[in-house]
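K.L.:
One structure is given below, represented as structure tokens, and several questions about it will come after.
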Amino acid sequence: MLSSTRLHSLVVAATLIFALPTAFAEGPVTVEPAAAGFTTAGLARIDAYLKNEVAGNKIPGAVMMIQRHGKTVYFSTFGVRDPGTKQPMTSDSIFRIYSMSKPITTVAAMMLVEEGKLQLDDPLSKYIPAFANVKVGVEKDEDGTMVLHTVPAKRPITIQDLMRHTSGITYGFFGEGLVKKAYVDAHLFSGDVDNAEFAERIAKLPLAYQPGTTWDYSHSVDILGRVIEVVSGKSLYQFEKERLLDPLGMKDTAFYVTDPAKKSLVAEPFPNDRTIGNDAVMNDPREVQKWESGGGGMVSTIGDYARFAQMVLNGGTLGGRRYLSPKTVAYMGSNHIGPGSGVTPGPYYLPGPGFGFGLGFAVRTEAGVSPAEGSVGEMNWSGAGGTTFWVDPKEDMFVVFMAQTVSQRGRLRVALKNIVYGAFEK
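Using mature numbering (1 follows the signal peptide of the UniProt record, and there is no 0), the letters of the sequence shown map in sequence onto residues -25 to -1, 1 to 401.
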């Protein structure tokens, strides 16, 4: 007999499927936990955990989906979409996904690679000449004061560097150092700039590391978005919409929320939980700007991102349409910064222990090292606003979790992974 919690999850999942009939041509289909290799009691722990998070005012609300073997085994919503309006969380709530934009942009770029229009070893300057003579920042102690000097880059930044965060480009919103300070002082986000102007601004700044030597989280995928524009002759959103988002049925995934009827669907954090880092707070996606940040500017729903995750899990296909070859997806999911790559993890290595990095995704390379359970071969990434997803090819499963919380995101990611894998029966 179904528990009331489980029945609620199945009813919500069925509603989601009915409302989004094009989600998957092969599903999703709700299935009992045992049929998908889970225990009912184990999955109920997700409900208990997230209800407690909401009741304790740790998060306003959340929505989560687990799909295995092409069937939805778990789906539920929690709390409220907006703590100001008290509107309940719903399956069509729209979230700032921030860095979960990166896998989408990288997949779009790899479509151009498959067409021979872009090569991974191409120098970035081939597409954006301003990067032809980039300099690398070096901090030196001069009479007790750290001073920033620059030296020439030893080799060009490549397209692969952009996809795996080894370009030397960095972020200014977290971490310390004079290069990061230069990013903050440059006021990169001032004015209504487009992708072309943003790339020009980045090109004027020193690199934090020599290209190809260090994994350092960065604006690299924002620059990759501009490369897509140059190669395709279209705006980043136009290209992604035509080639990826519309065909996948990701109807609410974009850089801004422009439909007046959907502006109230934007999920919000608690008012005191909006600060992402140095000089950075959560944006309002209803305020349309020219910049289309391929590295962190997209919004999406759980249903939309589930389509993307299932496509990746399927090896590049969904609903009878192929987006990438299975070989390309496997290549993206291999470790591109492992032994022999010449790359070392930087001081802010976000993938964490037991993980390498592929093209657009962190990839689990070792078992028993990370504090979060999972399978070797897992591909994942998360967003600064509280969203996360992972694809587990070994278990034929993906999980998408969406919330809007900066302060609780790291803790939630680990806890939810351990609860999900703790619910396995086989």
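Just so it is clear, CB atoms sit at the ideal spot from N, CA and C, and this is done for glycine as well. Since we're looking at a predicted model, the values are computed, not measured.
Tell me the rounded alpha-carbon separation between Tyr158 and Thr233.
P.N.:
For Tyr158 and Thr233, the distance between alpha carbons rounds to 30 Å.
K.L.:
Report yes if the C-beta distance between Lys110 and Pro186 is below 8 Å; otherwise report no.
P.N.:
For Lys110 and Pro186, no; Cβs fall outside 8 Å.
K.L.:
Around the Cβ of Gln213, are there at least 16 other Cβ atoms within 10 angstroms (buried) or fewer (exposed)?
P.N.:
It is exposed - the Cβ of Gln213 has fewer than 16 other Cβ atoms within 10 Å.
K.L.:
With distances taken Cα to Cα, identify the nearest neighbour of Val360 among Arg139, Ala84, Asn247 and Gly335.
P.N.:
At residue 360 the sequence reads Gly, which differs from the Val that was named. Gly360 has its Cα closest to that of Asn247, out of Arg139, Ala84, Asn247 and Gly335.
K.L.:
Is it true that the CB of Thr133 sits closer than 8 Å to the CB of residue 450?
P.N.:
Shown here, the chain extends from -25 to 401; a query on residue 450 therefore has no answer.
K.L.:
Pick helix, strand or coil for Met85, following the three-state DSSP scheme.
P.N.:
If DSSP states are grouped into helix, strand and coil, Met85 belongs with the helices.
K.L.:
Count the other CB atoms within 10 Å of the CB of Gly313; is the residue buried (16 or more) or exposed (fewer)?
P.N.:
Exposed, by the Cβ-count rule.
K.L.:
Exposed or buried, Lys155, counting other C-beta atoms within 10 Å across all chains shown (16 or more means buried)?
P.N.:
Looking at its Cβ environment, which holds 16 or more other Cβ atoms inside 10 Å, Lys155 is buried.
K.L.:
Looking only at C-alpha atoms, which of Ala255, Val366 and Thr47 sits nearest to Phe148?
P.N.:
For Phe148, the nearest C-alpha among the options comes from Ala255.
K.L.:
Taking Cβ positions, are Ile69 and Thr363 nearer each other than 8 Å?
P.N.:
Cβ atoms of Ile69 and Thr363: not closer than 8 Å.
K.L.:
Less than 7 Å between C-beta atoms, sequence neighbours within five positions excluded: which residues of the same chain meet that for Thr380?
P.N.:
The answer, listed in chain order, is Ile34, Pro244, Asp248 and Gly361.
K.L.:
Roughly how many angstroms separate the alpha carbons of Ser345 and Ala236, rounded to a whole number?
P.N.:
Their Cα atoms are separated by approximately 42 Å.
K.L.:
Mapping the DSSP letters down to three states, classify Thr292 as helix, strand or coil.
P.N.:
Correct three-state label for Thr292: strand.
K.L.:
Kindly indicate which residue of Val29, Leu25, Ala30 and Gly31 has the alpha-carbon position closest to the one of Met40.
P.N.:
Cα-wise, what sits closest to Met40 is Leu25.
K.L.:
Any chance the stretch 374 to 390 sits against the stretch 263 to 283, with 3 or more Cβ pairs inside 8 Å?
P.N.:
Short answer: they touch.
K.L.:
Measure the alpha-carbon distance for Ser100 versus Ala183 and round it to whole angstroms.
P.N.:
Roughly 18 Å between the two C-alpha positions.
K.L.:
Can you name the residues that DSSP bridges to Ser275?
P.N.:
Paired residues: Phe70.
K.L.:
Can you round the beta-carbon distance between Ser195 and Asp136 to whole angstroms, since I take them to be within the 8 Å contact cut?
P.N.:
Contact holds; Cβ gap of about 7 Å.
K.L.:
Report the rounded CA-to-CA distance for Trp365 versus Gly200, giving the unit in angstroms.
P.N.:
When rounded, the distance between both Cα atoms is 23 Å.
K.L.:
For the beta strand (DSSP E) that Asn355 lies in, which residues bound it at each end?
P.N.:
Counting along the chain, the beta strand (DSSP E) containing Asn355 begins and ends at Met354 to Ser357.
K.L.:
Between Ala(-1) and Gly291, what straight-line distance do the alpha-carbon atoms span, to the nearest angstrom?
P.N.:
Because the pLDDT of Ala(-1) is 37, which lies under 50, any placement of that residue in the model is unreliable, and the question is left without a value.
K.L.:
Can you tell me whether Ala337 is helix, strand or coil according to DSSP?
P.N.:
Note: Ala337 maps to strand in three-state DSSP.
K.L.:
Roughly how many angstroms separate the alpha carbons of Glu400 and Met64, rounded to a whole number?
P.N.:
Spanning the two alpha carbons is a distance of roughly 30 Å.
K.L.:
Should Met121 go down as buried or exposed, given a rule of 16 or more other Cβ atoms within 10 Å for buried?
P.N.:
Flag for Met121 reads exposed.
K.L.:
Leaving aside the five residues before and after Met286 along the sequence, list all residues of the same chain whose C-beta is less than 7 Å from its C-beta, in chain order.
P.N.:
For Met286, where only same-chain residues beyond five positions count, the Cβ hits under 7 Å are Leu223, Thr292, Leu293 and Tyr298.
K.L.:
Rounded to a whole number of angstroms, what is the C-alpha to C-alpha distance between Gly36 and Val55?
P.N.:
Rounded to whole angstroms, Gly36 to Val55 spans 5 Å at the Cα level.
K.L.:
Assuming Phe373 contacts Gln42 (C-beta within less than 8 Å), just tell me the rounded distance between them.
P.N.:
The Cβ separation is near 6 Å, so the contact holds.
K.L.:
If we count the other Cβ atoms within 10 Å of its Cβ and call it buried at 16 or more, is Arg130 buried or exposed?
P.N.:
Its Cβ having fewer than 16 others within 10 Å, Arg130 is exposed.
K.L.:
Cutting at 8 Å between CB atoms, please list the residues of its own chain near Pro127, excluding the five before and the five after it.
P.N.:
The answer, listed in chain order, is Asn108, Lys110 and Val111.
K.L.:
Whose CA, out of Phe53, Ala16 and Trp266, lies closest to the CA of Ala30?
P.N.:
Answer by Cα proximity: Phe53.
K.L.:
Could you give the first and the last residue of the continuous alpha helix (DSSP H) run that contains Arg388?
P.N.:
Its alpha helix (DSSP H) spans residues Arg384 to Gly397.
K.L.:
Could you check if Pro326 is buried or exposed, using at least 16 other CB atoms within 10 Å of its CB as the buried criterion?
P.N.:
By the 10 Å Cβ count, Pro326 comes out buried.
K.L.:
Taking only runs of the alpha helix (DSSP H) that begin and end inside the stretch 115 to 193, which ones reach a length of at least 4 residues, in chain order?
P.N.:
Correct list: 134 to 139, 153 to 160 and 170 to 178.
K.L.:
With Gly17 as the anchor, note down where its alpha helix (DSSP H) starts and where it stops.
P.N.:
Segment Thr15 to Ala30, the alpha helix (DSSP H) holding Gly17.
K.L.:
Out of curiosity, what's the CA-to-CA distance linking Ala105 and Ala19?
P.N.:
One C-alpha to the other measures close to 54 Å.
K.L.:
Secondary structure at Ala(-3), three-state DSSP: helix, strand or coil?
P.N.:
Annotation note: pLDDT 42 at Ala(-3) (below 50); position unreliable, coordinate value reported separately. Here Ala(-3) sits in coil by DSSP.
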